[in-house]
Structures are given as structure tokens and as C-alpha cells.
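Protein chains: 2
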Amino acid sequence: MLPDQLSNTFAALADPTRRAILARLAMGEASVKELAAPFEMSLPAVSKHLKVLERARLIVRGRSAQWRPCRLEAKPLAEATDWLEHYRLLWEQRFDRLDDYLLELQNNPESRG
Amino acid sequence: MLPDQLSNTFAALADPTRRAILARLAMGEASVKELAAPFEMSLPAVSKHLKVLERARLIVRGRSAQWRPCRLEAKPLAEATDWLEHYRLLWEQRFDRLDDYLLELQNNPESRG
DNA sequence: TAAATATTAAACTAAATGGTTAATTAACCT
DNA sequence: AGGTTAATTAACCATTTAGTTTAATATTTA
């Protein structure tokens, strides 16, 4: 299946290096070298991670002399957050109902059925 | 790198079939066959998706005769949501600051620098 | 023009993913 | 015991992923 935006976003988030890069970019633009600094892996490896983030549209890259500064793109991340938030509500509803049931059971054990 | 919980969670979410399964499970427990029904793929394929969800601890499986009902496990999903929410705040802060700056620039163009 | 810096491309490898079909296990029902 | 239903395992395949090292490209600076 050709992956949709949401799948690409979650796949991009499924790697600690890429999440750290996004966290850094939340502080503002940075060059590839700056982004690579905290990691032990090679520069091409970081470059590949950036390409993954770019293909998933989580970052955009500018150009300034020999640097290619990266900038966060918030929208797809917001969509992923929304998806999770939406289902969070459903799960919590379910747990609320379960809580209600357990509470009712305590107060009125005969209502069980 | 051996993947952490958060990476496993996002990786599990990076597939539309698995997200649909989670959405279904938000409505309540279901058997493998029930979960497989909406999809065109084979049962073993769905079984594998469930194994991915189980390994990522997004679901737990019970046992009842020949059925193995699946149930949603909310906690890791909540952690993923929290991660995104946390950074959502940072991004939005940044955009707020940018808005402020652009607004100030309009009102007082000489403040640029 | 030549050297240095920043970044990507190429070629390779090992492991993981997502799917298939066929066979197997486990529990139920006659 | 034998058949049916539910689900997993096994064996296989193609593609993707995450990393490596080496080489190439682009831009600034001396």
C-alpha cells in the first residue's frame, strides 16, 4: 500500500534520532552539521534521517551559501496529534464507563449482570 | 539501536491497517476474525499486525475457547500523545512569537533588527 | 586557482516489514 | 472419533530501513 500522510508521519516519528532532531528544531532552524553534532553516527546517516523527515513533510529545507538549514513544519505533526487526541477521548470514555460500572458495583452489588 | 517504547508505539501506528484495528478496538474487545473482516488481506497478515500491536504493548490478548479476544491498552498510546502534545506546545509557542514579531513589524517598522 | 567546509550521492550490507500460501494447533460440536 | 471453526506457525518473497565508507558537488575563502 502506498503510505498516506499519517503513516509517513508516524513512521518518521518511530526513530529516536529523528525525534531528537525534531525536538532540536522546535528550538529553531539548524544546519545539517549542527543537527548531527549530538549523535555518534556518520553525517550521511543524519542526512538520510533528514531526507526521511523531508519526504514526510515534517521539515522543509532552505538554502544559504553551502548550508541547507532545516525548519520544522508543524501541520503534519498537528494532524498526527489530532488523530491520537481523537482516540484518546474514545479510550478515556471507555475507561470512564468502566470506572462508573465498578463504582456502581461497589455501591450496589446486586446490579451486577 | 534497540527500539524504545515510544519508537515501538509510533512504528505500530505507522500503518493504516493497524490504525484501523486500534480504532475498532476503541469500541471494545474483538476476536481476530472480527478484526480481520473489513480488510482484503489474509488472516495470517492480520494476525501479524496484531502481533506487532501486541509487541508494542498497544493491545493485550485474552483467551476464551478458540477465540483470542484483543483489547486496547491505553497507556503507551497516552505516552505517544503526551510526546506530541509536549512538542505541539513548543511549535505553537514559536509560531506565536513569529506572529508577535510580524505584528510588531507592521505597527512599528523601525523596530526591525 | 586551490583549499576548506557543508552536504549529498553511490554502492554496499544486515535486518526488518508486509504480504502470500500451506500446514499445524487448539477448542468446540456432533 | 471426526468435522468445523479460530488462530498461529512455517517457509518464502520483495521492498524498505538504517547504517557504513568512499566519492562527488557546491560554495566560500585565501
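So the protein lines, in turn, are chains F and W.
Numbering-wise (our numbering), the first sequence opens with residue -13 and increments by one.
Numbering-wise (our numbering), the second sequence opens with residue -13 and increments by one.
Even for Gly, the Cβ is constructed at its ideal location relative to N, Cα and C.
| Asked | Found |
| --- | --- |
| 8 angstroms Cβ cutoff, residue 0 of chain W in contact with chain F | yes |
| Minimum Cβ-Cβ distance from residue 63 of chain F to chain W less than 8 angstroms | yes |
| For residue 74 of chain F and residue 58 of chain F, the rounded distance between their alpha carbons | 25 angstroms |
| The region 60 to 70 of chain F contacting the region 23 to 38 of chain F, beta-carbon criterion three pairs below 8 angstroms | no |
| Contact with chain F by residue 31 of chain W, beta-carbon distance below 8 angstroms | no |
| Residue 53 of chain F beta carbon less than 8 angstroms from that of residue -8 of chain F | no |
| Burial state of residue 46 of chain W (16 or more Cβ within 10 Å) | exposed |
| Members of the region 49 to 79 of chain W near chain F, C-beta cut-off 8 angstroms | 58, 60, 63, 64, 66, 67, 69, 70, 71, 73, 74, 76, 77 and 78 |
| Residue -2 of chain F and residue 39 of chain F closer than 8 angstroms at C-beta | yes |
| Beta-carbon spacing of residue 166 of chain F, residue 35 of chain F below 8 angstroms | Residue 166 of chain F falls outside the range modelled here, since chain F spans only -13 to 99, and no answer is possible. |
| Identity of the residue in F/16, F/0, F/1 and F/44 nearest residue 50 of chain F by Cα | F/16 |
| Same chain, Cβ closer than 8 angstroms to residue -4 of chain F, neighbours up to 5 away in sequence not counted | 66 |
| Three-state class that DSSP yields for residue 50 of chain F in the structure shown | strand |
| Cβ-based contacts, 7 angstroms cut-off: residues of the region 10 to 39 of chain W near chain F | 12 |
| CB contact check: residue 8 of chain F to chain W, cutoff 8 angstroms | yes |
| Residue 36 of chain W, DSSP secondary structure in three states | helix |
| Boundaries (first-last residue) of the alpha helix (DSSP H) holding residue 11 of chain W | 2 to 11 |
| Boundaries (first-last residue) of the alpha helix (DSSP H) holding residue 44 of chain W | No alpha helix (DSSP H) holds residue 44 of chain W; DSSP gives it neither H nor E. |
| DSSP bridge partner residues for residue 16 of chain F (one or two, in chain order) | F/56 |
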